[in-house]
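Working notes, beginning with the structure itself.
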Amino acid sequence: MSKDFAIGDHVRWNSEAGEVTGVITAKHVKDTEFMGRMRRCSPEDPQFEIKSDKTDHVAMHKSGALHKID
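Position in the sequence shown (first residue = 1) + 199 = the numbering used here.
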């Protein structure tokens, strides 16, 4: 079951470089290609595009990897 996230939410997640924060820019509820790879998404298990606060890098993660912050 996914957590309830929305476009514009400020979130954090762990990466190989450490903890990263950013803003959700898109929610995907059907399979989509991202950075050359197919990402499996559904309404029950969406994935979110997040733009990093420190860089212009965009990542995509499932809700289980994200934590909402103020």
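Glycine included, every Cβ here is placed at the ideal spot set by N, Cα and C. Please read all numbers here as calculations on a predicted model, not as lab measurements.
Mind checking residue i: buried by the 16 CB within 10 Å criterion, or exposed?
i      : result
His256 : exposed
Val228 : exposed
Glu215 : exposed
Please report how far the alpha carbon of residue i lies from the alpha carbon of residue j, in whole angstroms.
i      : j      : result
Lys267 : Asp208 : 7 Å
Trp212 : Arg238 : 18 Å
Glu232 : Pro245 : 13 Å
Lys226 : Asp269 : 19 Å
Gly217 : Met234 : 21 Å
Leu265 : Ile206 : 13 Å
Hey, out of the options, whose CA is closest to residue i's CA?
i      : options                   : result
Lys250 : Ser214, Gly217 and Val222 : Val222
Asp203 : Ser214, Glu243 and Glu215 : Glu243
Arg236 : Met259, Val210 and Gly263 : Met259
What residue does the beta strand (DSSP E) around residue i start on, and which one ends it?
i      : result
Lys261 : Val257 to Lys261
Gly235 : First-last for Gly235: undefined, no H or E at that position.
List the whole-angstrom C-beta distance separating residue i from residue j, where the pair is believed to meet the contact cut-off of C-beta under 8 Å.
i      : j      : result
Asp252 : Thr220 : 5 Å
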